[in-house]
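Chains H and L are the protein sequences, given in the same order. So the first sequence is numbered by the UniProt record's numbering: it starts at 1 and just counts up by one. So the second sequence is numbered by the UniProt record's numbering: it starts at 1 and just counts up by one.
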Amino acid sequence: MPAITFIHPDGKSDRVETGDGESAMQAATRHGLDGILAECGGNAMCATCHVYVDDGSLALLPAMADDEDALLDGTASERRPNSRLSCQIKITPALDGLVLRLPERQV
Amino acid sequence: MTVSGPAGSGIPHLDVDPFDMKFFADPYPTHELLREAGPVVYLDRWNVYAVARYAEVHAVLNDPATFCSSRGVGLSDFKKETPWRPPSLILEADPPAHTRTRAVLSKVLSPTVMKQVRDRFAAAAEARVDALLETRSFDAITDLAEAYPLSIFPDALGLKPEGREHLIPYASVVFNAFGPPNQLRQEAIERSAPHQAYVTEQCQRENLAPGGFGACIHAQVDEGAITATEAPLLVRSLLSAGLDTTVNGIAAAVYCLARFPDQWQRLRQDLTLARGAFEEAVRFESPVQTFFRTTSREVELSGARIGEGEKVLMFLAAANRDPRRWDKPDSYDITRRTSGHVGFGSGIHMCVGQLVARLEGEVMLTALARRIEKIEITGEPKRRFNNTLRGLDSLPVTITPA
Chain H
1 MPAITFIHPD GKSDRVETGD GESAMQAATR HGLDGILAEC GGNAMCATCH VYVDDGSLAL
61 LPAMADDEDA LLDGTASERR PNSRLSCQIK ITPALDGLVL RLPERQV
Chain L
1 MTVSGPAGSG IPHLDVDPFD MKFFADPYPT HELLREAGPV VYLDRWNVYA VARYAEVHAV
61 LNDPATFCSS RGVGLSDFKK ETPWRPPSLI LEADPPAHTR TRAVLSKVLS PTVMKQVRDR
121 FAAAAEARVD ALLETRSFDA ITDLAEAYPL SIFPDALGLK PEGREHLIPY ASVVFNAFGP
181 PNQLRQEAIE RSAPHQAYVT EQCQRENLAP GGFGACIHAQ VDEGAITATE APLLVRSLLS
241 AGLDTTVNGI AAAVYCLARF PDQWQRLRQD LTLARGAFEE AVRFESPVQT FFRTTSREVE
301 LSGARIGEGE KVLMFLAAAN RDPRRWDKPD SYDITRRTSG HVGFGSGIHM CVGQLVARLE
361 GEVMLTALAR RIEKIEITGE PKRRFNNTLR GLDSLPVTIT PA
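Quick look at the structure:
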């Protein structure tokens, strides 16, 4: 199974094994990772699973839908060009080794 | 309980009525019975299928093509009966129609908008605590759980000051009407005319103050997103589902925190837990207990075959305490990872106002915990009976200032 790495604002990192068909958010919450709230449970409705994607990987991710784009305008920490909602990043073998940086705040 | 019958072999039939007063008084033993009987059960009392385990409730919520909403999300099948009011354009709609109207309300209640109203909502919560500290002893339902949302939400919508006393009774009718044709539903609908008249009137563009959520919905007509006849009905959705739900959510949180003083102290020591304390109360109490769907085709769900045109009752509250999904489900734990609970639903129909509810809950609990040392229940809590909503009518408390 592909593994992905979350880097906390303090620089600490967590490597997380993903399950079949899981999103990055689901992998994070299943491992009890701090820093991903996912209040809406992965329905793209709350913007509390915000992550910054390492630039090299951005192009590998599924395209952003309009609802995700709109939600990112309301994130608690600033939106950057590499901002995504981790519930919308389904982990495929091609994304093995993906690095996601966590924002300071989710609410 | 039998294990065969017209609903298909292998599906347990249960002789329970989840809409009667005895059930409402203590639903938990029946929730357990429903969960343990099987993944899908049949309720002979109302001729409906039902799911009470987390996995099946989640599956039904997330397959809106099979388990549709356009035939009503109560017991009444809109294909066979005339709805008691014009159907909702969002709650009682399926894609693609739902997709368009949902997008409008999502935009009006987005995280960006929440940032704009946050300071106002927080200031009102502080003002409410000021008033409560003056009296010390009060009814936590009327004076807190109702008073706080009433002090912000109607203004946020842009409603006129007159007639707001219809809001909670109207919502009560709406949520009773999802239930079966029992006394609660019949009486609610019989008495609904003045509340309906008020709501219909307030949904009109000219009655909504500029800048409010209501005016923002009407502004979407100018953008071409919805028609001028659709806008009032979408405003109606906020009037139906935006107030009584948060009243019961805040009441649930206060009731939990008053009953479990260790959790209250934990919150007082770390105010950043306020949002989690509210969310956990929504899981634990599930203010919205149930919703129905209707099958659009024959389907097999966890081995149970359900024909086309059947009503399926989802026990959100039972799913939120399913031990298959939750560790110590009957404990109120404000540090629990609640992500995935179905107190706000799940999937495309998940509560569009969830961000408003969380904001109200967070700022209210923060204000309470910062300034109050202790909340003591000083009288017998009284339950308020509704076919869909679980909440209290009265909760006498005394508070000790910090």
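Ideal placement from N, C-alpha and C gives every residue a C-beta, glycine not left out. These numbers come from a predicted model, not from an experiment.
Checklist entry - For residue 346 of chain L, which of helix, strand or coil comes out of DSSP? => result Sequence index remark: in the second sequence, residue 346 of chain L carries index 346 (1-based). Three-state result, residue 346 of chain L: coil.
Item to check | Proximal residues of chain L, C-beta to C-beta of residue 73 of chain H below 7 Å | outcome: Sequence index remark: in the first sequence, residue 73 of chain H carries index 73 (1-based). Neighbours of residue 73 of chain H across chain L, judged by C-beta separation under 7 Å: 112.
Next on the checklist: Give me, in chain order, the residues of the same chain whose beta-carbon lies closer than 8 Å to that of residue 210 of chain L; leave out the 5 immediate sequence neighbours on both sides.
Outcome noted: Position 210 of the second sequence, counted from the first residue, corresponds to residue 210 of chain L. Excluding positions up to five away in sequence, the list reads 158.
Checklist entry - Whose C-beta lies closer than 8 Å to the C-beta of residue 118 of chain L among residues of the same chain, with five residues either side of it excluded? => result Locating residue 118 of chain L in the second sequence gives position 118, counting from the first residue. For residue 118 of chain L, where only same-chain residues beyond five positions count, the Cβ hits under 8 Å are 359, 363.
Checklist entry - If you follow the alpha helix (DSSP H) that residue 234 of chain L is part of, which residue opens it and which one closes it? => result Position 234 of the second sequence, counted from the first residue, corresponds to residue 234 of chain L. Run containing residue 234 of chain L: 230–241, per the alpha helix (DSSP H) assignment.
Next on the checklist: Cutting at 6 Å between CB atoms, please list the residues of its own chain near residue 248 of chain L, excluding the five before and the five after it.
Outcome noted: The count along the second sequence starts at 1 and reaches residue 248 of chain L at position 248. If we look at residue 248 of chain L and ignore the five residues flanking it on each side, its Cβ neighbours are 287, 389, 391.
Next on the checklist: According to DSSP, simplified to helix, strand and coil, what is residue 19 of chain H?
Outcome noted: As a working mapping, residue 19 of chain H is identified with position 19 in the first sequence. Here residue 19 of chain H sits in coil by DSSP.
Item to check | Per-residue burial, residue 24 of chain H [other beta carbons within 10 Å of its own, 16 or more giving buried] | outcome: Translated into positions along the first sequence, residue 24 of chain H becomes position 24. Result: buried.
Checklist entry - With DSSP run on the structure shown, which of helix, strand or coil describes residue 120 of chain L? => result Within the second sequence, residue 120 of chain L is the residue found at index 120, counting from 1. It is helical.
Checklist entry - Name the DSSP bridge partner or partners of residue 389 of chain L? => result One-based indexing of the second sequence puts residue 389 of chain L at position 389. Beta bridge pairing from DSSP links residue 389 of chain L with L:288.
Item to check | C-alpha distance - residue 290 of chain L paired with residue 54 of chain H, whole-angstrom precision | outcome: Start at 1 with the first residue of the second sequence, and residue 290 of chain L comes out as number 290. Start at 1 with the first residue of the first sequence, and residue 54 of chain H comes out as number 54. Roughly 42 Å separates the two Cα atoms.
Checklist entry - In chain H, what lies closer than 7 Å to residue 346 of chain L by C-beta? => result Here the question's residue 346 of chain L lines up with position 346 in the second sequence. For residue 346 of chain L, the residues of chain H that pass the 7 Å Cβ criterion are 41, 43, in the order they occur in the chain.
Checklist entry - Within 10 angstroms of its Cβ, does residue 1 of chain H collect 16 or more other Cβ (buried), or is it exposed? => result Taking the first residue of the first sequence as 1, we reach residue 1 of chain H at position 1. Result: exposed.
Item to check | Those residues which DSSP pairs with residue 148 of chain L across a bridge | outcome: One-based indexing of the second sequence puts residue 148 of chain L at position 148. Answer by DSSP bridge pairing: none, since residue 148 of chain L is not bridged.
Checklist entry - Within 10 angstroms of its Cβ, does residue 59 of chain H collect 16 or more other Cβ (buried), or is it exposed? => result Here the question's residue 59 of chain H lines up with position 59 in the first sequence. Exposed, by the Cβ-count rule.
Checklist entry - Nearest-angstrom Cα distance between residue 311 of chain L and residue 98 of chain L? => result Sequence index remark: in the second sequence, residue 311 of chain L carries index 311 (1-based). Sequence index remark: in the second sequence, residue 98 of chain L carries index 98 (1-based). Between residue 311 of chain L and residue 98 of chain L, the C-alpha separation is close to 20 Å.
Checklist entry - Is the stretch 323–331 of chain L touching the stretch 291–307 of chain L in the sense that three or more CB pairs, one from each, lie closer than 8 Å? => result Verdict: no, contact absent.
Checklist entry - Is there at least one Cβ from chain H nearer than 7 Å to residue 339 of chain L's Cβ? => result Locating residue 339 of chain L in the second sequence gives position 339, where the first residue counts as 1. Residue-level contact check: residue 339 of chain L touches chain H, since one or more beta carbons of chain H fall below 7 Å from its beta carbon.
Checklist entry - Is any beta-carbon of chain L found at less than 7 Å from that of residue 16 of chain H? => result Position 16 of the first sequence, counted from the start, is the residue given in the question as residue 16 of chain H. Interface flag for residue 16 of chain H against chain L is unset, since no Cβ pair is found closer than 7 Å.
Checklist entry - How would you call residue 92 of chain L, buried or exposed, if buried means at least 16 neighbouring beta carbons within 10 angstroms? => result Translated into positions along the second sequence, residue 92 of chain L becomes position 92. It counts as buried.
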